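Asks:
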Amino acid sequence: MAIIALVSAKGSPGVTTTALACALSWHRRLVLAECDPAGGTILAGYLGGALDGPRGIGELAVGELRDGNLETAFWSQLVDLDAPRRERLLLPGVVDPAQAGSVSPLWQRFADFFGSLEKGQPPYDVIVDCGRLQVAGPPWPVLRAAAVVLLVTRAQLPDLSATRSMIRAIERDFTEHRVPPGTLRLLVVGDGHGKGEISKALRVPVIATLPADPRTAEVLSLGGTVRAGRPLMRAAGALEVPVRALLDRRRARLAWPAAQEVPDVV
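Each position in the sequence shown, counted from 1, maps to that position plus 2 in my numbering.
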């Protein structure tokens, strides 16, 4: 399924919580990469800071700038969220603001590498938490490389207003960089305006809605036992189906001209 990127316009609509819920409930091997320039939160939050030494994208960036060893160093920087199976892996985000300057010049390098993991042995999909785009050094190359970009928003008017502006910014960038159409979808969190109403007003399809589930969100943010039967986890697991269907349709559409048979010449 390649790269699935989650991003938001402003505020805190739950991008990291949603990305982590998906990582813990989807069925294929995957890497959850925290690429929010403002910093990662899963290590200190969900994992409670229980790690033996520094690890993550900041360490990778420093090593890549120094030695150019991303391919070999990558796997040592991951945290197994489902140990020891190595089917749900976390690449922690920046924890030291000083690391952000090392990461920003390497977004294209990371985007290319994440895309290659789908063809590895074994293959891995990559869910990328891109955080908010209205920060310094946003990971635009990762968004452009994504097979699906989910713009996460709450269903309330102030959030939708900010999301409208962000949609236009993303569409302009994608047009400029020739990203195939159909990449962007909305993912709505919580109660408020309806799915059809939002899709019509913002002119972008809503792929799914996730329920407000404060109890599960707190566990995913601060640590504890994740219960698969909770509303947020069920909805996050179900999100895998439309995401895969969207990806399959896009791939079929992009491959269609090449798949046409050339007529026989008599």
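Glycine residues also receive a C-beta, built at the ideal position from the N, C-alpha and C atoms.
Treat the numbers as computed from the prediction; the structure is a model and nothing was measured.
Can you give me the C-alpha to C-alpha distance between Ala254 and Cys37, rounded to a whole angstrom?
Replies: Spanning the two alpha carbons is a distance of roughly 29 Å.
Asks: At the level of alpha carbons, what is the spacing between Pro179 and Val105?
Replies: Per the sequence presented here, residue 179 reads as His, with Pro not at that position. Each residue's alpha carbon lies about 21 Å from the other.
Asks: How is Ala23 classed by DSSP in three states: helix, strand or coil?
Replies: Ala23: helix per DSSP, three-state reduction.
Asks: Quick check on DSSP: helix, strand or coil for Asp161?
Replies: Three-state result, Asp161: helix.
Asks: Determine the DSSP secondary structure at Ile129, reduced to helix, strand or coil.
Replies: Three-state DSSP puts Ile129 in a strand.
Asks: Are the CB atoms of Leu53 and Leu93 nearer to each other than 8 Å?
Replies: Not closer than 8 Å, so no.
Asks: I need the straight-line Cα distance from Thr218 to Asp131, nearest angstrom please.
Replies: Their backbone Cα atoms lie some 18 Å apart in a straight line.
Asks: Where does Leu32 sit, in a helix, a strand or coil, going by DSSP?
Replies: Strand.
Asks: Just how far apart, CA to CA, sit Leu222 and Thr211?
Replies: In a straight line, the C-alpha of Leu222 is about 18 Å away from that of Thr211.
Asks: Excluding five sequence neighbours on each side, which residues of the same chain lie with their C-beta closer than 6 Å to the C-beta of Trp28?
Replies: So the list reads Glu242, once near-sequence residues are dropped.
Asks: Starting from Ile200 and walking both ways along the alpha helix (DSSP H), at which residues does that stretch end?
Replies: Ile200 -> alpha helix (DSSP H) spans 197 to 204.
Asks: Taking 8 Å as the threshold (C-beta atoms), are Pro141 and Pro39 in contact?
Replies: Going by C-beta atoms, Pro39 is nearer than 8 Å to Pro141.
Asks: Would DSSP call Thr227 helix, strand or coil?
Replies: Note: Thr227 maps to coil in three-state DSSP.
Asks: Could you check which residue in Gly117, Thr227, Val154, Ser167 has the C-alpha nearest to that of Val144?
Replies: Nearest C-alpha to Val144: Gly117.
Asks: Does the beta-carbon distance from Gly58 to Gly42 come in below 8 Å?
Replies: Yes, these two residues count as a Cβ contact at 8 Å.
Asks: What separation, rounded to the nearest whole angstrom, lies between the Cα atoms of Arg156 and Val190?
Replies: In a straight line, the C-alpha of Arg156 is about 6 Å away from that of Val190.
Asks: Using the Cα positions of Gly103 and Arg111, report the straight-line distance between them to the nearest angstrom.
Replies: Looking at the two C-alpha atoms, the distance is approximately 15 Å.
Asks: What's the gap between the Cα of Val151 and the Cα of Arg134?
Replies: Cα to Cα, the separation comes out at about 13 Å.
Asks: Restricting to runs no shorter than 4 residues, where is the alpha helix (DSSP H) found entirely within the segment 55 to 123?
Replies: Here the runs fully enclosed are 59 to 69, 72 to 75, 102 to 105, 109 to 118.
Asks: Rounded to a whole number of angstroms, what is the C-alpha to C-alpha distance between Thr177 and Met168?
Replies: Going by the C-alpha atoms only, they are around 14 Å apart.
Asks: So, helix, strand or coil for Leu249, using DSSP?
Replies: Here Leu249 sits in helix by DSSP.
Asks: Given that a residue counts as buried once 16 or more other Cβ atoms are within 10 Å of its Cβ, and exposed if not, what is Asp84?
Replies: Asp84 should be labelled exposed.
Asks: Provide the residue(s) that pair with Thr43 in DSSP beta bridges, ordered along the chain.
Replies: DSSP, once it has assigned bridges, lists no residue as partnering Thr43.
Asks: Using 8 Å for Cβ pairs, my map puts Leu62 next to Val97. What's the rounded Cβ distance?
Replies: Actually they are not in contact, since the Cβ atoms of Leu62 and Val97 sit about 13 Å apart, beyond 8 Å.
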